[in-house]
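A.B. asks: Following this message is one structure expressed as structure tokens.
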Amino acid sequence: MGDLGMLKNIIFDLDGTLWQTSDSYIYAYRKLCEFYNISDIVPDEVILSCLGVKLDRFLPKLFPNVEDQRELAFRAMGYSIEYLLSNSEGCCYDGVEQMLEALSKKYSIYIVSNCLDAYVETFMKISGTEEYIRDFYTIQSGQKSEHVKKIAAMSDGKTLLVGDSDDDRLAIDDPFGVLFCYAAYGYKECSSYAYKIDKPLDVLAVAEQIDEKERQLAGKDYCVISQGDNQVTLIRNSDGTEYFGFVSCTDEGFDSVVKELIAVSKGTSLIGPINSNTFYSYRFAIDNFNWKLYPDCVNDESAVKYFCENGFVFKQYYSSTLGSINKKIWDMAKKVKLPESFRIVQVSGSDAYSYIPDIYEVAIDAFSHADFYEPISKDDFTDIYLRGLSAVTPDVILIYDGEVPIAFNFCYEDPEKRFYVCKTTAIKRNYQNRWLIFALIDHSYRVMVSKGYSEVLYHFLNDRTRPLHSIFKGHIIRQKRYALMEFGYDK
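For what it's worth, this note's numbering labels the leading residue of the sequence shown as 706, then goes sequentially.
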């Protein structure tokens, strides 16, 4: 699959994002007043309110009697640069050079600003970052929105725009292609953003988060809908189905986020596992189970309330549970005697590849009546599993009735060696009973213990699956619970 959909470009605003130049504005204004013999000087706070604003929007207000506005703009920029070159120490935010150097090794870095070319060139000279900047665009060659759109169109991946104002955010033409990161340390306030940083170096973590989401989304189209720190993510499937992922609900402003989610949705169905991770096309989540990516609905019922109040129909809860071995259950499982026609096959590593058709046969039968089940072809299923198997060393337990596959457990070691992972447990509907579950538990525990683990993570377990939940009774270490719901109307 390559790196389709990964973050490719990072665009930075300049003032209030990469450097702080307020003193240069004040200096330039006073020099202009001297040049044009203006004695009625406005207070400094009026000048500072112009930071980050287009020159053609604030210069005419400050100098309404100056006829040649073009000359005025160039003189203003010249005076500002004059000040910066003489007072360069401390004008860049801490960590800017380090941040740009690190990002440039992986992404294409751009600067897009409402200033003139010479201003950007001065920044790169003072900060020593010219070699890290692929290109820059200013008001001299077009509007900020035009530049952002042009850069985003240069690659098939996501673009991140980092700025400190709503003007920067509004420069985004396509929210499904460009994400906005709010530099909260800057000059302006911003009401909506996909990410927020408190210092320049925080962009490194944001880029990693985007790459993680892109990797797990497997190239699907998505956008972020937010109001302050309230946020959901909307994904568009090619078949018209849409999914939303809950990120955070901090206050009553979340209600407006839910309303916008409904308005933005264009699909035939809008489905929401209320968390930011489980709505992916296929929920392998094999590289790293990060608890921070999974908001806990049990401890945040307010989010569920806002969805239900806006027309969503609640379906069920499900969970990811990390637990220790339940010896009582295991002792019971060891005593299970299956019918003579049943046989158990255990395979590990690359040997599991040849059993994918049997795993598929069981899975499509076992999950066919699950909420929001989407049929998947054998070719697609095989492709998904082959890609998944390439990232882990799988342990597969299969149970057959004669030559017919009827159940399986798909497990693997957590890549960070923290615990054992039980990704999928499936039993054909006509065979479902607690004894087959016990048989799968017994053999999975045996493999798990042989590899030195005493803790197992069960992913995305339906809360109605009582036999499986019983193995955690009294043995839960950590648990995250999610909600599943659907918007209740036909589009």
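C-beta atoms are modelled at their ideal positions from N, C-alpha and C, and glycine is treated no differently.
(1) Quick one: complete alpha helix (DSSP H) runs, 4+ long, within the stretch 720 to 775?
(2) Roughly how many whole angstroms lie between the Cα atoms of GLN803 and ILE716?
(3) By DSSP's criteria, CYS1116 is part of a beta bridge. Which residues make up the other side?
(4) Please check if any C-beta of chain C sits within less than 8 Å of the C-beta of ASN770.
(5) CB-CB under 6 Å to TYR1163, same chain, minus the five flanking residues each way: which ones, in chain order?
(6) Please state the DSSP three-state secondary structure of TYR842.
(7) Would you give the residue range spanned by the alpha helix (DSSP H) that GLN803 belongs to?
(8) Closest by CA to TYR1022, which one among ASN1031, ARG1186 and LYS1039?
(9) List the residues that DSSP assigns as beta-bridge partners of THR864.
(10) Alpha carbon to alpha carbon, what distance is there between SER1175 and ALA858?
(11) Beta-carbon separation of ASP1063 and ARG1134 under 8 Å?
(12) Report, in whole angstroms, the separation of the C-beta atoms of SER1029 and GLU1118, which I expect to be a contact under 8 Å.
(13) Please work out which residues of its chain come closer than 7 Å, Cβ to Cβ, to LYS964, disregarding the five sequence neighbours upstream and downstream, and give them in chain order.
(14) With H, G and I counted as helix, E and B as strand and the rest as coil, what does DSSP make of GLN932?
(15) Mind pulling the alpha helix (DSSP H) runs of 4 or more residues that sit fully within the stretch 1048 to 1097?
(16) LYS713: buried (16+ other C-beta within 10 angstroms of its C-beta) or exposed?
(17) Rounding to the nearest angstrom, what Cα-Cα distance links ILE844 and ALA1008 in this structure?
(18) Taking the CB atoms as reference points, tell me whether GLU1191 and LEU975 lie closer together than 8 Å.
(19) For a test of the three-state rule: what should DSSP assign to ALA990, helix, strand or coil?
(20) Any idea what DSSP makes of PHE1019, helix, strand or coil?
(21) Could you tell me the distance, in whole angstroms, from the CA atom of TYR824 to the CA atom of ASN942?
(22) Report buried or exposed for LEU875, applying the criterion of at least 16 other Cβ atoms within 10 angstroms of its Cβ.
(23) In the structure shown, what three-state DSSP assignment does ILE1182 receive?
(24) How about VAL969 and ILE940: are their beta carbons less than 8 Å apart?
(25) For VAL751, count neighbouring Cβ atoms within 10 angstroms of its own Cβ and tell me buried if that reaches 16, exposed if not.
(26) Let me check understanding here. Comparing Cα to Cα, which of ALA1068, ARG1183, VAL758 and VAL952 lies closest to LYS1083?
(27) Expressed to the nearest angstrom, what Euclidean distance is found between the alpha-carbon atoms of PHE841 and ILE816?
(28) Hey, would you say ARG780 sits closer than 8 Å to LEU737, going by beta carbons?
C.D. replies: In terms of the structure at hand:
(1) 727 to 740, 749 to 753 and 760 to 767
(2) 16 Å
(3) ASP1100 and CYS1127
(4) Of the chains in the structure shown, none is chain C; there is only one protein chain.
(5) THR1026 and CYS1127
(6) strand
(7) 801 to 809
(8) ARG1186
(9) ASN714 and VAL883
(10) 52 Å
(11) no
(12) Wrong, their Cβ atoms sit about 16 Å apart, outside the cutoff.
(13) ASN1015
(14) strand
(15) 1061 to 1071 and 1083 to 1094
(16) buried
(17) 42 Å
(18) yes
(19) With a pLDDT of 41 at ALA990, under the threshold of 50, the predicted position of this residue should be treated as unreliable, and no value is reported.
(20) strand
(21) 43 Å
(22) exposed
(23) strand
(24) no
(25) exposed
(26) ALA1068
(27) 5 Å
(28) yes
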